[in-house]
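J.:
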Amino acid sequence: MLYYMPTKLYYGKDIIFQHKEEIVLGEKAIIVTGKNSAKLTGALDDVISVLEELKIPYIHYDGIGENPTYEMVLKGKEIALSNECDFVIAIGGGSPMDAGKAIAVLTANPELTPDDLFDMNNYDVALPIVAVPTTAGTGSEVTPFAVLTKPNGRKSGFKSELIFPDISYLDPKYMVKISKALTLTTAVDALSHAVEGTLSKKSTPLSDMLAKESIRLIYEYLPKVLNDLENIEYREKLAIASTLAGMVIAQTGTILPHSLGYRITIHKGIRHGQATAMFLPLIAEEVEKYSPEKTKIIKDIFGTLDKFFVFLKDMGVYEFNIDFTNEELELFVNEVMLSSHVKNTPGEYDKGKIKNMYTKITEI
Ligand code: ZN
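Position 207 of the sequence shown, counting from 1, maps to 206 under numbering that gives the first Met the number 0, and the rest follow consecutively.
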């Protein structure tokens, strides 16, 4: 068994002010954010006030949208290079953090194109990375992964130990203003990470301990937070759950629900967490047939796999209407079968079975 998680993680209210000197990982920072969330949550203001106090120059690039593209990260690379930035501060949900990781590699290796990121043998250096999450979902603040959308519309992840953030500041106060819809989709993304981690062929006793606590916290606190969005205590619990789930997938990676969900996000516009979580019960049932011991944690917490499905349904995971054309189904099935997630999912999967999963989702 291997456990590797080299990120220095600070957690707590106003934590960035208590450990501000450590944010200085270079001489000039590129701050990578989306258009709004870093600003609305107060996280950007905190980072800027710390940098100004420490007299560290920075440039702010706010061009990252949901599901970051090659164009977005290339623009970031260009800005970082022309301003001679030597470290990255990524603030936001998964998209800015993942884009910040890509920019960190591309800037340190200017000859590389985004396609080259997907083979970690192409590079052995990246700019240092600071992560400041503003949602509780992706766990990107503690993972060696980043997901980009390729020019052909395919969402793909890359992995490198170089993109583990060097420091992450996890402050639940940034999360109290998040809308109900975003709270749900990010929380069930975290739940997907923890559940997939425990189902994965790569789960370890240590990753299972983290997954179990993460799932337990989400089971207990997601219903509460959805009814009391500004409750800081509940937000703290979800923040911890999400980071624990990130520590799980840093060891195990994700499995089939993520691959199945990527197509629905890109082609149907359903947000990542929800698009992924909707497949969890179907995959858990499949895994149960081949490796029943791997569903034990889910059953210990929810009672049965059926009750796990009911929980997701009650939370609102299935509140949408989607249908797929035959062409879409064909495309999705082919892409999923080519993804690396298949081999880490216990069970046997062929095109018929994958197609059936998409069909079942439309019938719920
Ligand atoms: Zn995810």
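Every residue gets a Cβ at the ideal spot worked out from N, C-alpha and C, and that includes glycine. All figures in this text were calculated on a predicted structure; none of them were measured in a lab.
Measuring only the C-alpha atoms, how far is K223 from D305?
T.: Their backbone Cα atoms lie some 21 angstroms apart in a straight line.
J.: Which residues does DSSP list as the beta-bridge partners of A130?
T.: A89 and S167
J.: On a Cα-Cα basis, can you pick out the residue from N355, T344 and L8 that is closest to K200?
T.: T344
J.: Would G41 pass as a contact of F86 if the rule is Cβ separation under 8 angstroms?
T.: no
J.: Check whether the Cβ of T134 lies closer than 7 angstroms to any heavy atom of the ligand ZN, and answer yes or no.
T.: no
J.: Let me confirm a value: Y56 is counted as buried when at least 16 other C-beta atoms fall within 10 Å, else exposed. Which label applies?
T.: Correcting the residue type first, residue 56 is Pro in the shown sequence and not Tyr. So P56 counts as exposed.
J.: Since V31 sits in a beta bridge, which residues does DSSP pair it with?
T.: Y60 and A89
J.: Between which two residues does the alpha helix (DSSP H) harbouring A186 extend?
T.: K179 to L198
J.: Between which two residues does the beta strand (DSSP E) holding V146 run?
T.: F144 to T148
J.: Quick one: does the C-beta of G258 sit closer than 7 angstroms to a heavy atom of the ligand ZN?
T.: The sequence as given places Ser at residue 258; Gly does not occur at that position. No, the beta carbon of S258 sits no closer than 7 angstroms to any heavy atom of the ligand ZN.
J.: Within 10 angstroms of the Cβ of D322, are there 16 or more other Cβ atoms? Answer buried if so, exposed if not.
T.: Label assigned to D322: exposed.
J.: Which of the three DSSP states is assigned to K176 in this structure?
T.: coil
J.: If you measure from the CB of D188, is any heavy atom of the ligand ZN nearer than 7 angstroms?
T.: yes
J.: According to DSSP, Y9 sits in a beta bridge with which residue or residues?
T.: Y168
J.: Around the C-beta of G302, are 16 or more other C-beta atoms found within 10 angstroms, so that it is buried, or is it exposed?
T.: exposed
J.: Flag this pair as touching only if the stretch 47-64 and the stretch 139-151 have three or more C-beta atom pairs under 8 angstroms; answer yes or no.
T.: By the criterion of at least three beta-carbon pairs nearer than 8 angstroms, the stretch 47-64 is not in contact with the stretch 139-151.
J.: Could you tell me the alpha carbon to alpha carbon distance between K7 and K27, rounded to whole angstroms?
T.: 20 angstroms
J.: Do T197 and the ligand ZN come close, with the Cβ less than 7 angstroms from some heavy atom?
T.: no
J.: Report the start-end ranges of each alpha helix (DSSP H) in the stretch 194-249 that is 4 residues or longer and not cut off at the edges.
T.: 204-225
J.: Decide if the stretch 308-324 is in contact with the stretch 231-238; the criterion is three or more beta carbon pairs, one per stretch, under 8 angstroms apart.
T.: no
J.: Near K34, which residues of its chain fall below 7 angstroms by C-beta distance, leaving aside the five closest residues on each side in sequence?
T.: D61
J.: Using a Cβ-Cβ cut-off of 7 angstroms (strictly less than) and excluding sequence neighbours within five positions of I162, which residues of its own chain qualify?
T.: K100, A103, V104, A125, I128, P143 and A145
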